[in-house]
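Q:
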Amino acid sequence: MNILQSRKKFNLLLLLVWIVIGAALRFTNLTLKSPWTDEFATLVFSLGNSFQAVPLDQAISLETLLHPLQPNPEAGVGLVWQKLLTEDHHPPLYFMLAHKWMQLFPTSGEYISLWAARSLPAFFGVLSIPAMYGLGWVAFRSQLVAQFAAAMMAVSPFGIYLAQEARHYTLGILWVIASLCCFVVAVQHLKRRTILPIKVVLVWVLVNSLGIATHYFFSLTLFAEGIALMGLGLWHYRVGRKRGIKIVSGSTETPVESYPEKNLAPKSLNWWRILAAAMGTGIGGLVWIPVLQGGYESQMADWMMLNRESLLSWINPIFQTLAAWITMVSLLPVESSSLGVVLASGAVMIGFFVWVIPFVYRGGKTLVRRVQTRWDTGVLAGFVLSAIALFFAITYILGKDLTRGARYHFVYFPAVILLIAAALAVIWKTSHKLHNFSLWRNRGQIVIVMVGVMGLLSGITVVSNLGYQKYYRPDLLVPIIEQASSSPVLIATTHNTLVQTGEMMGIAWELRNHDSSAIKNPQFILAHQNQYHCQESTCPASTTLEQTLAQLPRPLDIWLVNFKATVADLPNCYTEDFSQNKVWVDGYNYQLYHCLANDYEGSSASDLP
Numbered sequence: 003m004n005i006l007q008s009r010k011k012f013n014l015l016l017l018l019v020w021i022v023i024g025a026a027l028r029f030t031n032l033t034l035k036s037p038w039t040d041e042f043a044t045l046v047f048s049l050g051n052s053f054q055a056v057p058l059d060q061a062i063s064l065e066t067l068l069h070p071l072q073p074n075p076e077a078g079v080g081l082v083w084q085k086l087l088t089e090d091h092h093p094p095l096y097f098m099l100a101h102k103w104m105q106l107f108p109t110s111g112e113y114i115s116l117w118a119a120r121s122l123p124a125f126f127g128v129l130s131i132p133a134m135y136g137l138g139w140v141a142f143r144s145q146l147v148a149q150f151a152a153a154m155m156a157v158s159p160f161g162i163y164l165a166q167e168a169r170h171y172t173l174g175i176l177w178v179i180a181s182l183c184c185f186v187v188a189v190q191h192l193k194r195r196t197i198l199p200i201k202v203v204l205v206w207v208l209v210n211s212l213g214i215a216t217h218y219f220f221s222l223t224l225f226a227e228g229i230a231l232m233g234l235g236l237w238h239y240r241v242g243r244k245r246g247i248k249i250v251s252g253s254t255e256t257p258v259e260s261y262p263e264k265n266l267a268p269k270s271l272n273w274w275r276i277l278a279a280a281m282g283t284g285i286g287g288l289v290w291i292p293v294l295q296g297g298y299e300s301q302m303a304d305w306m307m308l309n310r311e312s313l314l315s316w317i318n319p320i321f322q323t324l325a326a327w328i329t330m331v332s333l334l335p336v337e338s339s340s341l342g343v344v345l346a347s348g349a350v351m352i353g354f355f356v357w358v359i360p361f362v363y364r365g366g367k368t369l370v371r372r373v374q375t376r377w378d379t380g381v382l383a384g385f386v387l388s389a390i391a392l393f394f395a396i397t398y399i400l401g402k403d404l405t406r407g408a409r410y411h412f413v414y415f416p417a418v419i420l421l422i423a424a425a426l427a428v429i430w431k432t433s434h435k436l437h438n439f440s441l442w443r444n445r446g447q448i449v450i451v452m453v454g455v456m457g458l459l460s461g462i463t464v465v466s467n468l469g470y471q472k473y474y475r476p477d478l479l480v481p482i483i484e485q486a487s488s489s490p491v492l493i494a495t496t497h498n499t500l501v502q503t504g505e506m507m508g509i510a511w512e513l514r515n516h517d518s519s520a521i522k523n524p525q526f527i528l529a530h531q532n533q534y535h536c537q538e539s540t541c542p543a544s545t546t547l548e549q550t551l552a553q554l555p556r557p558l559d560i561w562l563v564n565f566k567a568t569v570a571d572l573p574n575c576y577t578e579d580f581s582q583n584k585v586w587v588d589g590y591n592y593q594l595y596h597c598l599a600n601d602y603e604g605s606s607a608s609d610l611p
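With this note's numbering, the residue at position 483 of the sequence shown is 485, and numbering never jumps.
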């Protein structure tokens, strides 16, 4: 009894160590990276505010642009839902929780605190560590697998990246883990032919419904579970027929596992209960169909469209998916500003995977061969393969490239971690059998230690902004504006959806926090046009820009940022030549016009500098 209690305390203490490490990584430098447009959507809608409050087609101040980020004391969760229904395309559960969560923290001046907004997904990310421990135990009844799964989740660069985004993906991961627990329990009851409890069915339906209410892509998890279960049912049917033929012919072959006949449940009963769980989940998901058919701007999903005329668009999804898989385990500073560091990081990562993959493969083969782990490993692997197949089917058949967003792989991420953890557990236990020479006796255990070290270094890479950098980098653009502009600044963009508003908010947020003395009272203009791109000579956004410019005092520096319209020669303005030293900025394409004072009204273009 004392030994059992000591082991239990040791396992709890070890799990606590993983939780502490994971929490430290997720909360370190939580506000280091500038917020980007998706995060601004979370902030605005969670506050119960609207992007429509930002005026279009006119010059506005920084304060006006950031006004939707001010807390609204009169807003409740009902208003949060209302704004999502009319302006966005995401279900409301996370935004409602974020609304309540952010009320617990003080504001950052007059605006909402970025730390408060990001701390909720970071908190959910920490919860995913003990949740993975629970999934590992439920699936394999092994403390070693459970501990490895928790440890890998704690240091996974992909998990840390999602945890430091003010978005709903870490809550979605928790629902994926919970759904997989129910999925595995159902499979185990099928395996033992014991009755699947009704309470498990009800919990499964509830978890799945909450998952859909968090992110619609959670439905990919459910479809992958369904495909894996159908595959299991087909395999079970074929094996059953083969055994029946052998028994009739006089074979003495015994089943893989046998139980007293009186304890066996009817084969169809569990399948009916699984079907009931699927039907209940379907009902829980149907309520969102009217929302999906609502009046939100469908152009916001256009960035995922697959360009079928480009060969590169057909190849990219493969490499984008490989990148997501790799970063679930390892990510060194491949986004460093130093080319040497990038090349060295890439070489080390390649060498690491070449060394580790054979060991993981060997552990996986052992899992499949063992009677005790064959079913669980098979259905989890089937689930992962089904999810991947769905991604590629949606990408190549429906033309929506889901692989462009690495974050969408959250729908099967926990299963990948669990399978790798289970394979590593096999290696740990059998490492002394791998080689006859004492020099190599603990090689398998060394591999596992190196996996942990690589994971820890990868987590540090993410929190240091050397990996998984944001898609938009206003922190790089603002210094360029400061250096090139000595006159008042007008930052102009074309507006099509709230995405462009978020892009400008990123610049305004960075200017506000940069405490710049070089740029005082910057102005912004969001020139609306229904087309995302306009190549005509009289684009609506270009006309708006010219009319606004005529009303503003000079001298003036006009920064065209992500301006998707043809711009004619602006009167008494000349372009800054960045051809020799233009700095590439992720998410922002920019061009600078210096517009001279009114004294130059009569000057020709040749007289301009």
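Glycine residues also receive a C-beta, built at the ideal position from the N, C-alpha and C atoms.
Write down the C-beta distance between residue 130 and residue 161 rounded to the nearest angstrom, noting that I regard them as a contact closer than 8 Å.
A: Within the sequence shown, the letter at position 128 stands for residue 130. Within the sequence shown, the letter at position 159 stands for residue 161. Contact flag correct, Cβ pair sits at about 7 Å.
Q: Using the Cβ count rule (16 or more neighbours within 10 Å means buried), how would you classify residue 126?
A: In the sequence shown, the residue the question calls residue 126 occupies position 124. Classification of residue 126: buried, given that the 10 Å Cβ count is 16 or more.
Q: State buried or exposed for residue 2, treating a residue as buried only when at least 16 other CB atoms are found within 10 Å of its CB.
A: No information on residue 2 is available, as it lies outside the stretch 3 to 611 that the chain covers here.
Q: Give the C-beta separation of residue 223 and residue 414 to the nearest angstrom, bearing in mind that I take them to be a contact with Cβ-Cβ under 8 Å.
A: The residue labelled residue 223 in the question sits at position 221 within the sequence shown. The residue labelled residue 414 in the question sits at position 412 within the sequence shown. The Cβ separation is near 7 Å, so the contact holds.
Q: Could you check where the beta strand (DSSP E) with residue 322 kicks off and where it finishes?
A: Stepping through the sequence shown from its first residue, residue 322 is reached at position 320. Run containing residue 322: none in the beta strand (DSSP E); it sits in the alpha helix (DSSP H), 313-329.
Q: Quick check on the burial criterion: 16 or more other C-beta atoms within 10 angstroms. Buried or exposed for residue 248?
A: Numbered from 1 along the sequence shown, position 246 holds the residue referred to as residue 248. Caution applies to residue 248, whose pLDDT of 47 falls short of 50 and renders its modelled position unreliable; the value that the coordinates give is listed next. Residue environment: residue 248 is assigned as exposed (fewer than 16 neighbouring CB atoms within 10 Å of its CB, all protein chains considered).
Q: In terms of residues, what are the limits of the alpha helix (DSSP H) holding residue 530?
A: Translated into positions along the sequence shown, residue 530 becomes position 528. From DSSP, residue 530 is part of no alpha helix (DSSP H) but of the beta strand (DSSP E) over 525-530.
Q: Where does residue 521 land, buried or exposed, given buried means 16+ other C-beta within 10 angstroms?
A: Start at 1 with the first residue of the sequence shown, and residue 521 comes out as number 519. It is buried - the Cβ of residue 521 has at least 16 other Cβ atoms within 10 Å.
Q: Is the stretch 52-67 touching the stretch 131-141, taking contact as three or more C-beta pairs under 8 Å?
A: no
Q: Give the DSSP-derived three-state secondary structure of residue 559 in the structure shown.
A: Residue numbering aside, residue 559 sits at position 557 when the sequence shown is read from its first letter. Reduced to three states, the DSSP call for residue 559 is strand.
Q: Which one or two residues does DSSP pair with residue 593 in a beta bridge?
A: Within the sequence shown, residue 593 is the residue found at index 591, counting from 1. In DSSP, residue 593 forms a bridge with 562.
Q: Report the rounded CA-to-CA distance for residue 427 versus residue 508, giving the unit in angstroms.
A: Counting from 1 along the sequence shown, the entry for residue 427 is found at position 425. Counting from 1 along the sequence shown, the entry for residue 508 is found at position 506. Between residue 427 and residue 508, the C-alpha separation is close to 45 Å.
Q: DSSP three-state call for residue 129: helix, strand or coil?
A: Taking the first residue of the sequence shown as 1, we reach residue 129 at position 127. DSSP places residue 129 in helix when its eight states are reduced to three.
Q: CA-CA distance, residue 96 and residue 43?
A: Counting from one through the sequence shown, the residue named residue 96 turns up at place 94. Counting from one through the sequence shown, the residue named residue 43 turns up at place 41. Cα to Cα, residue 96 sits roughly 12 Å from residue 43.
Q: Can you tell me whether residue 35 is buried or exposed? The criterion is at least 16 other CB atoms within 10 Å of its CB, across all chains shown.
A: Here the question's residue 35 lines up with position 33 in the sequence shown. Burial call: buried.
Q: How is the alpha helix (DSSP H) around residue 657 delimited, first residue to last?
A: In this structure the chain extends from 3 to 611, so residue 657 is not present and cannot be described.
Q: When we look at the beta-carbon of residue 10 and count the other beta-carbons within 10 Å, is it buried (16 or more) or exposed?
A: On the sequence shown, position 8 is the one that residue 10 refers to. Taking every protein chain shown into account, the CB of residue 10 has fewer than 16 other CB atoms within 10 angstroms, so this residue is exposed.
Q: List the residues that DSSP assigns as beta-bridge partners of residue 402.
A: Reading the sequence shown from its first residue, position 400 is the one you call residue 402. For residue 402, which the question treats as bridged, DSSP gives the partners 307.
Q: Within 10 Å of its beta-carbon, does residue 112 have 16 or more other beta-carbons around it, so buried, or fewer, so exposed?
A: Position 110 of the sequence shown holds residue 112. It is exposed - the Cβ of residue 112 has fewer than 16 other Cβ atoms within 10 Å.
Q: Reducing DSSP to helix, strand and coil, say where residue 521 ends up.
A: Walking along the sequence shown from the start, residue 521 turns up at place 519. Residue 521: coil per DSSP, three-state reduction.
Q: My output table needs one value for residue 63: the three-state DSSP class, helix, strand or coil.
A: Within the sequence shown, numbered from 1, the residue matching residue 63 stands at position 61. If DSSP states are grouped into helix, strand and coil, residue 63 belongs with the strands.
Q: Alpha helix (DSSP H) containing residue 536: first to last residue?
A: Residue 536 sits at position 534 when you count from the first residue of the sequence shown. Counting along the chain, residue 536 falls outside any alpha helix (DSSP H), and DSSP gives it neither H nor E.
Q: Looking at residue 280 and residue 213, is the spacing between their C-beta atoms short of 8 Å?
A: The residue given as residue 213 occupies position 211 in the sequence shown. The residue given as residue 280 occupies position 278 in the sequence shown. If you check the CB distance, residue 213 and residue 280 do not come in under 8 Å.
Q: For residue 336, does the three-state DSSP call read helix, strand or coil?
A: Translated into the one-based positions of the sequence shown, residue 336 becomes position 334. In the displayed model, residue 336 falls within coil according to three-state DSSP, outside both helix and strand.
Q: In angstroms, rounded to a whole number, what distance separates the CA positions of residue 386 and residue 73?
A: Start at 1 with the first residue of the sequence shown, and residue 386 comes out as number 384. Start at 1 with the first residue of the sequence shown, and residue 73 comes out as number 71. Whole-angstrom Cα-Cα distance: 41 Å.
Q: Could you tell me if residue 2 is buried or exposed, where buried requires 16 or more neighbouring beta carbons within 10 angstroms of its beta carbon?
A: An answer regarding residue 2 cannot be provided, because it is not within the stretch 3 to 611 covered by the chain.
Q: Does DSSP classify residue 56 as helix, strand or coil?
A: Against the sequence shown, residue 56 aligns to sequence position 54. Three-state result, residue 56: coil.
Q: Going straight from the alpha carbon of residue 350 to that of residue 334, what length do you get?
A: Residue 350 sits at position 348 when you count from the first residue of the sequence shown. Residue 334 sits at position 332 when you count from the first residue of the sequence shown. Distance between the alpha carbons of residue 350 and residue 334: 8 Å.
Q: Counting only the same chain and skipping the five closest in sequence on each side, list residues whose C-beta sits under 7 Å from that of residue 148.
A: Start at 1 with the first residue of the sequence shown, and residue 148 comes out as number 146. Cβ neighbours of residue 148 beyond the five flanking positions: 135, 138 and 139.
Q: Whole angstroms are fine: how far does the CA of residue 363 sit from the CA of residue 454?
A: As a working mapping, residue 454 is identified with position 452 in the sequence shown. As a working mapping, residue 363 is identified with position 361 in the sequence shown. Whole-angstrom Cα-Cα distance: 18 Å.
Q: Does the Cβ of residue 524 have 16 or more other Cβ atoms within 10 Å, making it buried, or fewer, making it exposed?
A: Residue 524 sits at position 522 when you count from the first residue of the sequence shown. Residue 524 comes out buried.
Q: In whole angstroms, what is the alpha-carbon distance linking residue 16 and residue 340?
A: If you number the sequence shown from 1, residue 16 lands on position 14. If you number the sequence shown from 1, residue 340 lands on position 338. Whole-angstrom Cα-Cα distance: 37 Å.
Q: Going by the beta-carbon positions, is the gap between residue 197 and residue 272 smaller than 8 Å?
A: As a first step, residue 197 is located in the sequence shown; it is residue number 195 there, counting from the start. As a first step, residue 272 is located in the sequence shown; it is residue number 270 there, counting from the start. Closer than 8 Å, so yes.
Q: Determine, using beta-carbon pairs with one atom in the stretch 565-577 and one in the stretch 592-600, whether at least three such pairs fall under 8 Å.
A: yes
Q: In angstroms, rounded to a whole number, what distance separates the CA positions of residue 203 and residue 461?
A: If you number the sequence shown from 1, residue 203 lands on position 201. If you number the sequence shown from 1, residue 461 lands on position 459. Looking at the two C-alpha atoms, the distance is approximately 37 Å.
Q: Please classify residue 171: does DSSP put it in a helix, a strand, or coil?
A: Taking the sequence shown and counting its residues from 1, the one referred to as residue 171 is at position 169. Of the three classes helix, strand and coil, the one that applies to residue 171 here is helix, per DSSP.
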